[in-house]
Ligand code: SAM
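Residue numbers (the numbering used here): 295 to 782.
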């Protein structure tokens with residue numbers, strides 16, 4: 295298979311000047327197809343178990359991302375029920391290196407300052423084993439809601455999703471994060487092969503030009519400066535772009551370090567195909583020392599698109615640890631929790647600590663244990679959205695279904711991925727009761743008005759409700775796959 299995406303000639307001439315003898319190998323990659331990648335959701339399944347049940351042929355991307363796989367072109371992983379169940383995220387293989395090198399640890403507080411649509415945030419949440427606190431932010435409202443949808447499908451419980459400008463985050467939180475990731479808005483040259491164009495700050499396709507590269511570099515300097523104020527003493531600041539431009543890579547880092555002597559570049563682990571930063575490419579007048587510690591991923595040296603990653607450490611560890619403001623949310627009143635309690639008693643197993651619940655605009659959340667005060671920040675999600683408190687009843691959220699394990703509900707109805715019931719369910723159709731062949735824990739549960747979980751090969755897919763002799767479909771309308779063959 296070949297590739298028809300041709301990068302602009304001005305860009306190629308610039309890369310020829312920079313790469314010299316290496317240029318021909320680089321330029322040849324534009325005739326080759328880009329790699330398709332899939333990262334397994336280790337919050338739900340191990341990479342080994344997924345590989346065993348995978349309907350697609352998978353090849354490990356390499357040691358740098360143990361949950362990452364390459365797929366062959368013909369696979370259609372986006373439309374498979376396992377995708378709807380959040381078993382994987384479709385991610386370009388080079389992008390998988392970023393969260394891995396950020397290396398977040400369970401229990402830490404991590405901020406992903408430019409997180410939408412969620413490739414790195416889903417990966418960070420998995421590496422943190424969904425503990426501690428992950429703040430996933432995007433300043434674009436529409437993109438922040440796509441981020442929330444992807445994080446919900448991932449099944450996270452410990453994420454706070456915000457829609458704020460980096461400066462609003464800095465003003466609210468201060469230096470409290472163990473790790474801050476700046477996956478910077480950039481000129482997107484690394485995506486030329488895949489998308490055939492550059493992208494603007496919001497990810498939309500635009501024409502590439504050098505003025506835009508310079509404008510991106512200016513924006514990156516501002517974001518990095520603000521991000522640095524959110525890193526706790528001794529914490530890490532990780533910077534990534536998907537562009538080749540030295541102005542946005544080595545120069546952005548050099549410019550930052552020039553004005554932030556309290557940060558230094560650290561040497562991340564180097565895996566096969568990882569290249570070093572190129573100090574001599576930084577703009578004249580900027581300090582070049584240490585820039586070789588940055589990582590460059592090139593399509594002619596690595597099975598992925600162009601990426602740049604820098605890991606920096608805050609060197610001052612003397613100051614006190616985080617000064618998190620205590621959360622000021624009032625837990626809901628007992629009367630407000632009545633419908634939730636009835637729902638939980640009939641539907642769920644396990645502990646659901648009410649002292650961590652938050653009722654906001656009729657929506658009930660289970661906050662993470664490390665919830666922090668968010669002041670006037672625009673919240674998109676806080677922790678796990680349990681559902682909506684409605685007059686006389688509780689409507690469970692899709693997010694709750696996808697964060698559960700099948701054993702955490704009283705009744706789960708399971709089907710294999712290729713069953714017609716799964717196609718019908720994902721298309722929004724009710725399931726006739728006669729078609730429910732799965733062993734039920736108690737058949738009587740089906741004839742009462744009970745919520746139950748539809749699972750695919752044992753993994754939650756969404757809610758249904760036994761009512762009037764059928765299972766009423768509660769798969770969200772906006773996610774339904776409209777296909778004629780989905781009808782039962
Ligand atoms: N981290 C994301 C992922 O892995 O899916 C991709 C992030 S994308 C490269 C950059 C993001 O930066 C966009 O979602 C965009 O809305 C956001 N952005 C645009 N301008 C920004 C700015 N001035 N400060 C911070 N973020 C910005």
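Glycine included, C-beta positions come from ideal geometry on N, C-alpha and C. Note that the structure is predicted; figures quoted are calculated from it, not measured.
Closer than 7 Å: is that where the CB of residue i sits relative to any heavy atom of the ligand SAM?
{"i": "residue 460", "result": "yes"}
{"i": "residue 650", "result": "no"}
{"i": "residue 473", "result": "no"}
{"i": "residue 437", "result": "yes"}
{"i": "residue 513", "result": "yes"}
{"i": "residue 517", "result": "yes"}
{"i": "residue 433", "result": "yes"}
{"i": "residue 361", "result": "no"}
{"i": "residue 672", "result": "no"}
{"i": "residue 499", "result": "no"}
{"i": "residue 787", "result": "What the structure shows of the chain is the stretch from 295 to 782, and residue 787 is not part of that stretch, so it cannot be assessed."}
{"i": "residue 748", "result": "no"}
{"i": "residue 479", "result": "yes"}
{"i": "residue 409", "result": "yes"}
{"i": "residue 389", "result": "yes"}
With a 10 Å radius around its C-beta and 16 neighbouring C-beta atoms as the bar for buried, classify residue i as buried or exposed.
{"i": "residue 610", "result": "exposed"}
{"i": "residue 622", "result": "exposed"}
{"i": "residue 368", "result": "exposed"}
{"i": "residue 250", "result": "Nothing can be reported for residue 250, as the shown portion of the chain is limited to 295 through 782."}
{"i": "residue 549", "result": "buried"}
{"i": "residue 560", "result": "exposed"}
{"i": "residue 574", "result": "exposed"}
{"i": "residue 715", "result": "buried"}
{"i": "residue 551", "result": "buried"}
{"i": "residue 511", "result": "buried"}
{"i": "residue 590", "result": "buried"}
{"i": "residue 598", "result": "buried"}
{"i": "residue 773", "result": "exposed"}
{"i": "residue 426", "result": "buried"}
{"i": "residue 347", "result": "exposed"}
{"i": "residue 647", "result": "exposed"}
Taking a contact to mean a Cβ-Cβ separation below 8 Å, would you say residue i touches residue j in this structure?
{"i": "residue 750", "j": "residue 379", "result": "yes"}
{"i": "residue 247", "j": "residue 674", "result": "This structure cannot settle anything about residue 247, because the visible part of the chain is limited to 295 through 782."}
{"i": "residue 472", "j": "residue 392", "result": "no"}
{"i": "residue 603", "j": "residue 517", "result": "no"}
{"i": "residue 448", "j": "residue 664", "result": "no"}
{"i": "residue 385", "j": "residue 342", "result": "no"}
{"i": "residue 320", "j": "residue 592", "result": "yes"}
{"i": "residue 541", "j": "residue 507", "result": "yes"}
{"i": "residue 521", "j": "residue 474", "result": "yes"}
{"i": "residue 688", "j": "residue 636", "result": "yes"}
{"i": "residue 389", "j": "residue 410", "result": "no"}
{"i": "residue 658", "j": "residue 681", "result": "yes"}
{"i": "residue 719", "j": "residue 753", "result": "no"}
{"i": "residue 702", "j": "residue 639", "result": "no"}
{"i": "residue 605", "j": "residue 532", "result": "yes"}
{"i": "residue 375", "j": "residue 691", "result": "no"}
{"i": "residue 502", "j": "residue 302", "result": "yes"}
Which of the three DSSP states, helix, strand or coil, is assigned to residue i?
{"i": "residue 656", "result": "coil"}
{"i": "residue 766", "result": "strand"}
{"i": "residue 364", "result": "strand"}
{"i": "residue 682", "result": "strand"}
{"i": "residue 575", "result": "helix"}
{"i": "residue 607", "result": "strand"}
{"i": "residue 350", "result": "coil"}
{"i": "residue 643", "result": "coil"}
{"i": "residue 630", "result": "helix"}
{"i": "residue 704", "result": "coil"}
{"i": "residue 587", "result": "helix"}
{"i": "residue 602", "result": "strand"}
The alpha helix (DSSP H) that contains residue i, what's its start and end?
{"i": "residue 714", "result": "714-720"}
{"i": "residue 547", "result": "544-553"}
{"i": "residue 305", "result": "303-313"}
{"i": "residue 520", "result": "504-522"}
{"i": "residue 743", "result": "It is not in any alpha helix (DSSP H) - residue 743 carries neither H nor E in the DSSP assignment."}
{"i": "residue 318", "result": "317-322"}
{"i": "residue 440", "result": "435-448"}
{"i": "residue 419", "result": "413-421"}
With respect to the beta strand (DSSP E) encompassing residue i, which residues constitute its N-terminal and C-terminal limits?
{"i": "residue 342", "result": "Run containing residue 342: none in the beta strand (DSSP E); it sits in the alpha helix (DSSP H), 341-347."}
{"i": "residue 375", "result": "Here residue 375 belongs to no beta strand (DSSP E); instead the alpha helix (DSSP H) covers 375-378."}
{"i": "residue 527", "result": "525-535"}
{"i": "residue 761", "result": "753-761"}
{"i": "residue 454", "result": "453-456"}
{"i": "residue 693", "result": "Residue 693 -> not in any beta strand (DSSP E); alpha helix (DSSP H) instead, spanning 692-697."}
So, is the C-beta of residue i closer than 8 Å to a C-beta in chain C?
{"i": "residue 645", "result": "Absent from the structure is chain C; it holds one protein chain and no more."}
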